[in-house]
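Below: one structure, written as structure tokens.
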Amino acid sequence: MFHLNKQKMIDELEETEMELNYTYESRLSKVPAPTWFIHGPERIIKKELKILSRAKKLLAFVWAFFSMKKQIFQKFTKRVLKLIY
Numbered sequence: 231m232f233h234l235n236k237q238k239m240i241d242e243l244e245e246t247e248m249e250l251n252y253t254y255e256s257r258l259s260k261v262p263a264p265t266w267f268i269h270g271p272e273r274i275i276k277k278e279l280k281i282l283s284r285a286k287k288l289l290a291f292v293w294a295f296f297s298m299k300k301q302i303f304q305k306f307t308k309r310v311l312k313l314i315y
């Protein structure tokens, strides 16, 4: 009995996942990218600097978190350096 209920729940979750994926993907092309609303080089540069600032804050947070675990921190640093260079 439990196995049947479990399988039914799994099937419903998979069906819901497919519906959500379809809904998301069908609306994705209709939603304009935020950068389309930015006109002029000054505004584009300002927006890029804002994005980079947020990324720096996130990296600083992650950096501090992983510094507690030296081995994990070293692996993270190598991956970040690979992405950058």
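Per the working numbering, residue 231 is the first one in the sequence shown, and the count goes up by one each step.
In this text, a Cβ means the ideal position worked out from N, Cα and C, and glycines have one as well.
#### Entry: Whole-angstrom distance between T253 and T246, CA atom to CA atom
10 Å
### Query
Can you tell me whether DSSP reads H233 as helix, strand or coil?
helix
#### Entry: Straight-line gap, L313 to A290 (C-alpha atoms, nearest Å)
16 Å
### Query
Where E242 and I275 are concerned, what is the direct C-alpha to C-alpha distance, given to the nearest angstrom?
46 Å
### Query
In whole angstroms, what is the alpha-carbon distance linking S256 and M239?
26 Å
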